[in-house]
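In order, the protein sequence lines correspond to chains X and V.
Heads up: the first sequence is residues 0 to 349, going by numbering that gives the first Met the number 0.
Heads up: the second sequence is residues 0 to 239, going by numbering that gives the first Met the number 0.
Contents: one structure, followed by commentary.
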Amino acid sequence: MSVLFDGLPRRSLIALAVFFGLLLVAPWLVNAYVLSILVVVLYYAYAGQSWNIMMGFAGQLSLGHSLYVGLGAYTAAALFVRYGVNPWLGLVVAVGVTTVMGAIVGFLAFRFRIGGVYFAILTIAFAEFTRIGFDHAPLITAALADYTGISVDKFPALGGSGGLFLPVTNLSSNDLLNLRGAPIMFYYVMLAMTALALAFCRWLLASKLGYYWQAIRENEEAAAALGINVFRYKMIAVMLSAAMTAFAGVFFAFYYNNLFPEQIFSMNRSIELILGPIIGGLGTLFGPILGAFVLSPLADGITEVLQWAGVEIPGVKQVFYGVCLLLVVVFLPNGIWPVLAKRFKLGREQ
Amino acid sequence: MALLEVRGIGKSFRGLRALHDVSFDVPAGAIHAMIGPNGAGKTTCFNVMAGVYKPDAGSIHFDGKPIAGLRPDQICRAGIGRTFQVVKPFPGLSVLDNVMVGALNATDSVRQARIEALRVLELLHLADKARHVASSLTLPERKRIEVARAMATRPKLLLLDEVMAGLRPTEVDEMVAVFRRVNQETGTTILLIEHVMRAVMALAQHIVVLHYGEKICEGAPVDVVRDPAVLECYLGEEAV
């Protein structure tokens with residue numbers, strides 16, 4: 000435990016306790032609409048933290064994290080729909096699938112020394128062709144069935160571009176074991192995962208692994224000269240990030256009950272996922288959470304206000320995201336969190 | 000058998016011969032220097048030894064084991080620490096964290112690494128800057144971070160690439176004292192590339208001179224600085 004709170008000034012501990020305490024009681028304080036926004040916020044806080052491990056800690060820019068969200072979602076959903084596999088078991092499989100996918104992307108890039116922008120493009124490419132593959136899933140399974148002689152219905156049904164749907168159940172009974180229930184259950188699941196992810200990230204950053212990642216992020220050549228196997232530690236970063244992102248996908252599938260390749264694997268999703276950490280503070284522990292809490296409510300708020308004013312502008316959310324990013328890049332290049340931490344002396348004392 | 004045995008190494012870049020048939024030994028516990036005019040191949044020689052380049056020819060044995068062609072991280076773990084002539088600090092990390100990354104080469108415990116890093120920082124008179132971000136330090140200070148990081152990896156052999164450049168004479172003397180102390184207390188073998196002859200003469204027991212990628216002379220400092228070939232290509236008459 001001590002490593003989690005070491006060096007944190009008292010006021011940060013209090014702030015942290017108040018923050019999570021408020022989130023714990025929030026469902027009793029807000030209406031269903033606000034709760035639904037909070038679920039989305041926590042979703043992005045969690046996913047942003049997963050992405051932050053790769054980019055913020057180890058300096059490897061992934062612009063295709065929707066790949067892992069989508070694969071996680073589809074794996075657990077397909078197993079549930081087709082074979083009735085429990086979502087938590089499905090999560091284990093999903094983590095396996097995304098970790099292997101991360102390993103493939105990482106190996107191709109790092110083995111052949113594809114770095115920087117080119118690595119980012121590679122991650123987009125993987126997300127894109129996976130999207131196209133899932134769009135044509137029925138064709139692919141049909142072809143596979145034809146080729147192998149195995150009957151089509153033995154293959155998992157992925158739904159293709161028409162979507163994959165989970166049976167919607169009675170929202171009044173909460174079944175945590177099968178992840179079927181009311182938004183409030185999903186809220187607490189995501190809150191727990193966000194808190195766990197925060198603790199895990201803190202532990203990572205304070206470990207040898209965290210130091211090595213930061214060294215690689217800051218200067219690969221110097222890192223190697225200090226005995227760091229750069230390839231190995233970059234692989235660990237990608238695989239761990241992918242593994243954690245799988246949960247975001249599983250959550251998405253069981254919360255929304257429908258999956259469309261066009262949506263879940265889309266470039267937009269990848270970008271939305273990384274805006275939180277960037278605006279909150281890249282590589283910081285609290286940045287991704289702060290970013291999610293700033294962005295999603297504001298974006299929804301703007302849409303609300305405009306609707307209330309009788310104006311409906313399609314794409315206003317995207318424009319808003321763009322403006323936010325621009326403002327942060329220009330005025331707070333390190334994100335919001337470092338400034339807040341400094342202003343209110345919330346940062347860790349070494 | 001010497002700790003480091005370099006035998007006939009050669010390295011060319013697209014036909015430009017940077018190193019040709021260079022051989023020398025560094026015995027355990029010694030302090031040796033490598034000198035020569037700019038472009039003589041000194042840094043290339045370091046980079047070949049540190050695994051940045053694979054030599055085209057020749058062999059390098061460290062502690063009796065062949066190391067030519069190993070990756071930089073493998074060579075560091077084998078016991079060779081190096082600094083970069085053009086400093087490569089981890090700019091966004093604190094000075095302490097910079098050195099801790101090096102110290103983690105010798106231990107898995109972050110706490111141990113912190114203790115070791117603070118000790119090395121003390122030794123290099125950087126302790127009061129430990130919490131500063133590395134990018135905020137002056138160039139001579141960043142050179143000392145390079146040294147501290149390399150030393151924190153607990154190397155048997157320390158390769159120092161022009162760490163005295165830009166220092167004032169009193170600072171040079173301080174660094175000389177530090178390296179002497181490290182050499183005597185821990186038995187760390189040191190090979191340094193240096194243009195500051197004040198430091199070379201004070202530290203080195205033996206000097207290798209490179210010129211146009213070839214070794215033109217080696218021997219005790221007093222003999223090397225009188226060697227006509229060395230005077231002609233590098234030191235000039237006034238050095239005598």
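The beta-carbon is built from N, C-alpha and C at its ideal position, and this holds for glycine as well.
- Excluding residues up to 5 positions away in sequence, P276, G279, G280, G334 and W336 lie with their Cβ nearer than 6 Å to the Cβ of X/G286 in the same chain.
- Considering only beta carbons, the part of the segment 225-245 of chain X lying closer than 8 Å to chain V consists of L225, G226, I227, N228 and V229, in chain order.
- For the 7 Å CB-CB criterion, X/V249 and X/G101 do not form a contact.
- Less than 7 Å divides the Cβ of X/Y67 from the Cβ of X/A241.
- Excluding its 5 nearest sequence neighbours in each direction, V/D55 has C-beta neighbours in its own chain below 7 Å: G9, K10 and S11, listed in chain order.
- For the pair X/L138 and V/V100, the CB atoms are not nearer than the 7 Å cut-off.
- In the displayed model, V/D96 falls within a helix according to three-state DSSP.
- Here V/L190 is bridged, per DSSP, to V/H31 and V/L158.
- Identification of residues in the segment 185-215 of chain X having a C-beta nearer than 8 Å to some C-beta of chain V yields A205, S206, K207, Y210, Y211, Q213 and A214, given in sequence order.
- Note on X/G47: 16 or more other CB atoms within 10 angstroms of its CB, so buried under the neighbour-count rule.
- Under DSSP, the beta-bridge partners assigned to V/A56 are V/G9.
- The shortest C-alpha to C-alpha distance from X/F164 to any of X/T193, X/A76 and X/T129 is the one to X/A76.
- Contact between V/L191 and V/A17 does not hold, since the beta-carbon distance rounds to 19 Å and is not under 8 Å.
- At least 7 Å separates the beta-carbon of X/A156 from that of X/R231.
- In this structure, the straight-line span from the alpha carbon of V/K87 to that of X/I301 is close to 45 Å.
- Excluding sequence positions up to five before and after X/A93, its CB lies within less than 6 Å of the CB of G71, T74, A75, A245 and V249, all in the same chain and listed in chain order.
- Nearest in C-alpha terms to X/L78, of all of X/A196, X/N177 and X/L324, is X/N177.
- One thing to note: V/V175 has its Cβ no nearer than 7 Å to the Cβ of V/A147.
- X/N267 counts as exposed, since fewer than 16 other C-beta atoms from the protein chains shown sit within 10 angstroms of its C-beta.
- Residue-level contact check: V/N46 does not touch chain X, since none of the beta carbons of chain X fall below 7 Å from its beta carbon.
- Rounded to the nearest angstrom, the gap between the Cα atoms of X/W50 and V/V109 is 24 Å.
- As the crow flies, the alpha-carbon of X/R342 is around 16 Å from that of X/T283.
- In this structure, DSSP gives V/L2 a state outside helix and strand, which the three-state scheme calls coil.
- Straight-line measurement puts the Cα of V/A39 at about 16 Å from the Cα of V/M196.
- Note on the segment 88-159 of chain X: whole alpha helix (DSSP H) runs with a minimum of 4 residues are 115-134 and 136-147, in chain order.
- By the Cβ-count criterion, X/L326 is exposed, with fewer than 16 other Cβ atoms from all chains shown falling within 10 Å of its own Cβ.
- Take the alpha-carbon of V/E121 and the one of V/V98: they are about 12 Å apart.
- Closer than 7 Å to the CB of V/T42 there is not a single CB belonging to chain X.
- Distance from the CA atom of V/A1 to the CA atom of V/K41, rounded to whole angstroms, is 20 Å.
- Closer than 7 Å to the CB of X/A223 there is at least one CB belonging to chain V.
- Excluding the 5 residues flanking it on each side, X/V40 has same chain C-beta neighbours closer than 8 Å at A291, F292, S295 and P296, in chain order.
- For V/L69, there are no neighbours in chain X by C-beta distance under 9 Å, as the nearest C-beta there is about 11 Å away.
- Within the segment 174-231 of chain V, the complete alpha helix (DSSP H) segments of 4 residues or longer fall at 196-202 and 220-223, listed in chain order.
- Scanning V/L123, V/K128 and V/C232 for the CA closest to the CA of V/C216 turns up V/C232.
- Taking the beta carbon of X/N218 as reference, the chain V residues within 9 Å of it are K87, P88, F89 and P90, listed in sequence order.
- Residue range S65 to Y82 is occupied by the alpha helix (DSSP H) that includes X/L78.
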